[in-house]
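Novice: Counting along the sequence shown from 1, when you hit position 260 you're at 259 in numbering that gives the first Met the number 0, and nothing is skipped either side. Cβ coordinates follow ideal geometry from the N, Cα and C atoms, glycine included. Given the structure is predicted, the values throughout are model-derived calculations rather than measurements.
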Amino acid sequence: MKIGVFGGTFNPPHLGHLAAARAAIDALELDKLLIIPAAIPPHKELPEGTPAPEHRLNMAAKLADALLLPDKVEVSTIELDRTGKSYTSHTLAQLKETYPGAELWLLMGTDMFFTLHQWHDPSSILAQAGICAFGRSEQDNKASFAGQAEYLKETFPEAKIVTTQIPDLVDISSTRLRELLEQGGGAEYLHPSVYGYILMNGLYGTHADLKHLDIPELRACSYSMVMQKRVRHIRGTEEEAVRLARRWGADEEYARRAGILHDCTKYLELEEQLELCEKYGVELDELEHRAVKLLHSKTGACIARHVFGEPDEVFDAIFWHTTAKENMTTLEKILYVADYMEPNRDFDGVERLRELAYRNLDSALLLGVETTIQEMKDRNLPVHSSTLRAQAWLRKHGATTEG
Ligand code: ATP
Numbered sequence: 000m001k002i003g004v005f006g007g008t009f010n011p012p013h014l015g016h017l018a019a020a021r022a023a024i025d026a027l028e029l030d031k032l033l034i035i036p037a038a039i040p041p042h043k044e045l046p047e048g049t050p051a052p053e054h055r056l057n058m059a060a061k062l063a064d065a066l067l068l069p070d071k072v073e074v075s076t077i078e079l080d081r082t083g084k085s086y087t088s089h090t091l092a093q094l095k096e097t098y099p100g101a102e103l104w105l106l107m108g109t110d111m112f113f114t115l116h117q118w119h120d121p122s123s124i125l126a127q128a129g130i131c132a133f134g135r136s137e138q139d140n141k142a143s144f145a146g147q148a149e150y151l152k153e154t155f156p157e158a159k160i161v162t163t164q165i166p167d168l169v170d171i172s173s174t175r176l177r178e179l180l181e182q183g184g185g186a187e188y189l190h191p192s193v194y195g196y197i198l199m200n201g202l203y204g205t206h207a208d209l210k211h212l213d214i215p216e217l218r219a220c221s222y223s224m225v226m227q228k229r230v231r232h233i234r235g236t237e238e239e240a241v242r243l244a245r246r247w248g249a250d251e252e253y254a255r256r257a258g259i260l261h262d263c264t265k266y267l268e269l270e271e272q273l274e275l276c277e278k279y280g281v282e283l284d285e286l287e288h289r290a291v292k293l294l295h296s297k298t299g300a301c302i303a304r305h306v307f308g309e310p311d312e313v314f315d316a317i318f319w320h321t322t323a324k325e326n327m328t329t330l331e332k333i334l335y336v337a338d339y340m341e342p343n344r345d346f347d348g349v350e351r352l353r354e355l356a357y358r359n360l361d362s363a364l365l366l367g368v369e370t371t372i373q374e375m376k377d378r379n380l381p382v383h384s385s386t387l388r389a390q391a392w393l394r395k396h397g398a399t400t401e402g
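1) If you count every other CB in all the chains shown that lies within 10 Å of the CB of alanine 391, and 16 or more means buried, which is it?
2) Excluding sequence positions up to five away, which residues of its chain have a Cβ less than 8 Å from the Cβ of glycine 308?
3) Please tell me whether leucine 365 and alanine 316 are closer than 9 Å, where the distance is taken between their beta carbons.
4) Under a Cβ-count criterion, where at least 16 other Cβ atoms within 10 Å of its own Cβ denotes burial, should leucine 217 be classed as buried or exposed?
5) Contact defined as beta carbons within less than 8 Å: I believe phenylalanine 5 pairs with isoleucine 35. What is the distance between those atoms, to the nearest angstrom?
6) May I ask you to report which of helix, strand or coil DSSP gives phenylalanine 112?
7) Which residues bound the alpha helix (DSSP H) around alanine 337?
8) Would you call phenylalanine 346 buried or exposed, if buried means 16 or more other Cβ atoms sit within 10 Å of its Cβ?
9) Less than 9 Å separating the beta-carbons of leucine 32 and leucine 66?
10) Give the single residue among Leu269, Gln138, Glu137 and Gly129 whose Cα lies nearest to the Cα of alanine 148.
11) Use the C-beta contact count for threonine 162: other C-beta atoms within 10 angstroms, 16 or more gives buried, fewer gives exposed.
12) Helix or strand or just coil, what does DSSP make of tryptophan 319?
13) Skipping 5 residues on each side, what residues in its chain have a beta carbon closer than 6 Å to that of tyrosine 357?
14) Return yes when at least one heavy atom of the ligand ATP lies under 8 Å from the C-beta of lysine 332, else no.
15) Span of the beta strand (DSSP E) holding glycine 248?
16) Count the other CB atoms within 10 Å of the CB of serine 384; is the residue buried (16 or more) or exposed (fewer)?
17) Thinking just about the alpha-carbon of each residue, which of Tyr196, Val313, Lys278 and Thr298 is nearest to the one in alanine 244?
18) Using only the heavy atoms of the ligand ATP, determine whether one of them is closer than 8 Å to the beta carbon of proline 12.
19) Comparing the CB of glycine 7 with every heavy atom of the ligand ATP, is any distance shorter than 8 Å?
20) Contact defined as beta carbons within less than 8 Å: I believe glycine 15 pairs with valine 169. What is the distance between those atoms, to the nearest angstrom?
21) Could you tell me which whole alpha helix (DSSP H) segments of length 4 or greater appear in the region 278–306?
22) Assign aspartate 25 to buried or exposed, taking buried as 16 or more other Cβ atoms, counted over all protein chains shown, within 10 Å of its Cβ.
23) What is the DSSP secondary structure of glutamate 137, counted as helix, strand or coil?
24) What separation, rounded to the nearest whole angstrom, lies between the Cα atoms of arginine 242 and glycine 258?
25) Give a yes or no on whether the C-beta atoms belonging to threonine 236 and glutamate 341 are separated by under 9 Å.
26) Quick one: is the Cβ of glycine 15 within less than 8 Å of any heavy atom of the ligand ATP?
27) Going by the beta-carbon positions, is the gap between glycine 108 and alanine 142 smaller than 9 Å?
28) What runs of the alpha helix (DSSP H), each 4 residues or longer, lie entirely inside the region 155–241?
29) Where asparagine 10 and glutamate 157 are concerned, what is the direct C-alpha to C-alpha distance, given to the nearest angstrom?
30) Mapping the DSSP letters down to three states, classify proline 40 as helix, strand or coil.
31) Thinking C-alpha only, which one of Pro12, Trp104, Glu268 and Lys228 is nearest lysine 1?
32) Among all the DSSP beta bridges, which residues are the ones paired with glycine 7?
33) Residues in its own chain within less than 7 Å of aspartate 167 by CB, not counting five upstream and five downstream?
34) Looking at C-alpha atoms only, which residue of Lys61, Leu27 and Leu91 is the closest neighbour of serine 221?
35) Below 8 Å on the Cβ atoms is my guess for alanine 240 versus arginine 255; work out the distance and round it to an integer in Å.
36) I want to check one thing, is the minimum distance from the CB of aspartate 208 to the heavy atoms of the ligand ATP below 8 Å?
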């Protein structure tokens, strides 16, 4: 097994790190990549105002998730769990024990590569792992690595060195990024989920007013709360909701914001969902108490209102987007239907739903509701009473899934 070891302070992790990780996975054909935030880096001081280790770990986890390779990429707490300075030679020795027989490759950018011989116990490092060095800017090319690679090979005969170019290089450092964040910039160098995390936790001198975020900031916050594989669906729902709002004369801005936030609590466990319901005074029936899938719409609505200051219209649309109910507003219908048929959805009958959604919104809603009822019956699961009430109300008011 080939394992890449990508250490750093990740203070914060940025798009340069993401591009480097991607390039190394491809160049070395890694089976696994470990992203390892340092506790106390031996070669540099952590600057004043550095967020707690827990925040650096959470941001590194978002970087890992952003690679969308959950079976391959992991964040490791091996250095944060160890006390004292995070010497790479110790980390590699520990990894050798955890993964006996694995081939370890230490990934590093130019700055680290040129000082490698001055690190603690370089001979042990080079005996335990191959080195994969990559340029951090356009000026760093293979030729500029050659001298140092030669020197290391001569000094440490066991050294295995590979130098690689990052195809989509991003010339940024965390140091520069921290300055930009402090001045209200920097978003373009961050994965949205990391940027959202920084805003939501007020890190690096950002003082975002969460109740007045612009659309890119709201997206970033929403994406920071979910697994990155869900973002395509969230983006699709946002776009579909805006198109439907235009078609049916609803508020496009509200539709967009509801789409962006509708699944923001999707990955919370039942306990956390129940705590939020308690905190925000959401009353639950017996079924909702045990069906976690029914809760994210309610807790998502509460986060939209209480954290992001969204108005009642957005709250209500998110609140009812899973179960639906009788007599819904146009915006509530739009979010329900958009969530069901956004461009990434693919199930038998989705084309019919898409066509109906732009011709007769109530009939599209009924089709969605009845598809859910059928699915629940097929899977022997209880149907929520609100969904049955939605069906009855729509049928009574002339909606039909025929014709
Ligand atoms: P700082 O500015 O705080 O020193 P940094 O941007 O160098 O931080 P680190 O967390 O120290 O980030 O870097 C971890 C690893 O990622 C190092 O090996 C570093 O060389 C590499 N690296 C950092 N930035 C880039 C980049 N833009 N492109 C490629 N590799 C990078």
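Specialist: Reading from the atomic positions:
1) exposed
2) Non-local beta-carbon contacts of glycine 308 in its own chain, meaning distances under 8 Å to residues more than five positions away in sequence, involve Leu209, Lys210 and His211 in chain order.
3) no
4) buried
5) 7 Å
6) helix
7) 329–340
8) exposed
9) yes
10) Gly129
11) buried
12) coil
13) Arg246
14) no
15) First-last for glycine 248: undefined, no H or E at that position.
16) exposed
17) It is Val313 whose Cα lies nearest to the Cα of alanine 244.
18) yes
19) yes
20) 4 Å
21) 285–289 and 291–305
22) exposed
23) coil
24) Cα to Cα, arginine 242 sits roughly 11 Å from glycine 258.
25) yes
26) Yes, the ligand ATP has a heavy atom inside 8 Å of this Cβ.
27) no
28) 173–181, 191–200 and 214–223
29) A straight-line Cα-Cα distance of about 32 Å links asparagine 10 and glutamate 157.
30) coil
31) Trp104
32) Pro36
33) Ala18
34) Comparing Cα positions, the closest option is Lys61.
35) Contact between alanine 240 and arginine 255 holds, with the beta-carbon distance rounding to 7 Å and staying under 8 Å.
36) no
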